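Working notes, beginning with the structure itself.
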Amino acid sequence: MDWGHLEYFLAVARTGSLSGAAKLLRVNHSTVARRLEKLEQQLNVRLFNHLNSGYQLTDDGLALKKHAAQVEREINQIQGVFSGSETKLRGTLKISKPSSGLLNLAPLLAAFHHRYPDINLVLTAGGERSEIARMEADVAIRLTNDPPEALVARKLGQLPINIFGNRAYLERAGTRSLADYDWVVWHADDSLLNMEPVLKREIPNARIVLRTSSYNELFEAVNAGMGVSLLSPLRLPKTHQLQALSPSLHQFDLGVWLLSHPDLRNRERIRVFRDFMIEHLGGALTKHWKNN
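Residues 394 to 685 (this note's numbering) are what the sequence shown spells out, left to right.
Written as structure tokens, this is what we have:
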């Protein structure tokens, strides 16, 4: 039996609702429901009565709660015995970041290192959700509006995305519909951040003149007047020839999520990194939206 299912069961039993358990475990509501359903299928019993007032334990549920609580205590004892190095915040933390270049994590990682100098950081650029599932990375920062339900996902904020073009190009083009511009798009194997399907959904007749897997090439092409593209104002250099089309189209904005494996949720290194990113990256994104 998967201990993770029991953990979700205990959370529902203690809070009396799926939403309460989801908040306690920092996961999606549907993840709790799915885990609970799998546990009931494995045991072939009904664990809760679903009432208007919430989830009420059945007799089988009450019996399981007693045993599950004992399992939880034993697991906590085991973690206590072997977590001495964790409390000292030492060891390696493997971080996966988006390959797009839309986020500049270097200043944040430098600040994290100064605060926790004994945690060695390993940074890789990737886009696969399975990196966390296979535990090839301890945490992953992803840009998506559809975070995976099977992982522990914490939203840090929204990354603004707008349509930008070279000022001279826009003056020559004049006022026109979005479908009439030449488009430069990010196109990569990173399916989580392939902007072409998003563009085609919103602007079906968009005329794409360049596809590139390099964010730097994307910016340079737009800056040179080749066309317009979806860019983040937070990642534009101080000197550029770009102008945003207004009004801002918020349907292109991307959620910034911190992902980790459910089995690693309580690792101290992961916890402090999550809290640090919530404070600093999440804080920076919140500040941007307040000022714009």
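Note that CB positions come from ideal geometry on N, CA and C, so glycine has one too. Remember, predicted model here, so these are calculated numbers, not experimental data.
> Among residues of its own chain, excluding the 5 on either side of Tyr608, which ones have a beta-carbon nearer than 6 Å to its beta-carbon?
Replying inline: Annotation for Tyr608: Ser493, Gly494 place their beta carbon closer than 6 Å to its own, counting only its chain and skipping 5 residues before and after.
> Is Asn711 helix, strand or coil when you go by DSSP?
Replying inline: Because residue 711 is not part of the residues shown, which for the chain are 394 to 685, the question remains open.
> Roughly how many angstroms lie between the CA atoms of Ala504 and Arg658, to the nearest whole one?
Replying inline: Cα-Cα distance, rounded: 23 Å.
> Around the Cβ of His686, are there at least 16 other Cβ atoms within 10 angstroms (buried) or fewer (exposed)?
Replying inline: In this structure the chain extends from 394 to 685, so residue 686 is not present and cannot be described.
> Count the other CB atoms within 10 Å of the CB of Gly676; is the residue buried (16 or more) or exposed (fewer)?
Replying inline: So Gly676 ends up on the exposed side.
> In terms of residues, what are the limits of the beta strand (DSSP E) holding Phe557?
Replying inline: 555–559
>> With three or more beta-carbon pairs closer than 8 Å as the criterion, would you say the stretch 395–403 touches the stretch 506–513?
In response: no
> In this structure, does DSSP put Ala546 in helix, strand or coil?
Replying inline: In this structure, Ala546 counts as strand in the three-state DSSP scheme.
> Counting Cβ pairs, one atom from each stretch, are 3 or more of them under 8 Å apart for the stretch 600–620 and the stretch 665–673?
Replying inline: no
> For Gln435, which of Phe402, Gln449, Leu418 has the nearest alpha-carbon?
Replying inline: The residue with the shortest Cα to Cα distance from Gln435 is Phe402.
> Thinking C-alpha only, which one of Val665, Ser410, Asp656 is nearest Leu450?
Replying inline: Ser410
> Rounded C-beta distance between Ser653 and Glu542? I'm assuming under 8 Å.
Replying inline: Not quite, the Cβ-Cβ distance comes to about 14 Å (not below 8 Å), so this is no contact.
>> Per DSSP, what are the beta-bridge partners of Thr485 in this structure?
In response: Thr485 pairs with Asn513.
>> Measuring only the C-alpha atoms, how far is Pro491 from Arg428?
In response: 29 Å
> Candidates Leu418, Asp452, Phe441, Glu589: which alpha carbon is nearest Leu365's?
Replying inline: Summary: the structure shown does not reach residue 365, with the chain confined to residues 394 through 685, and so no result is reported for it.
> Whose C-beta lies closer than 6 Å to the C-beta of Trp579 among residues of the same chain, with five residues either side of it excluded?
Replying inline: Met588, Leu611
> For Asp668, does the count of other Cβ atoms within 10 angstroms reach 16, so buried, or fall short, so exposed?
Replying inline: exposed
> Taking the runs of the beta strand (DSSP E) that are 3 residues or longer, which of them lie wholly in the stretch 602–677?
Replying inline: 621–624, 635–637, 647–653
>> Quick check on Tyr574: does DSSP put it in helix, strand or coil?
In response: coil
>> Lys487 and Val532 - do their beta-carbons sit closer together than 9 Å?
In response: yes
> In the DSSP assignment, what are the bridge partners of Gln551?
Replying inline: DSSP, once it has assigned bridges, lists Gly648 as partnering Gln551.
>> If I measure Cβ to Cβ from Glu438 and keep anything under 7 Å in the same chain, skipping five residues before and after, which residues do I get?
In response: The question names Glu, but residue 438 is Val in the sequence shown. Result list for Val438: Asp453, in chain order.
> Which partner residues of Arg600 appear in the DSSP bridge assignment?
Replying inline: Asp575
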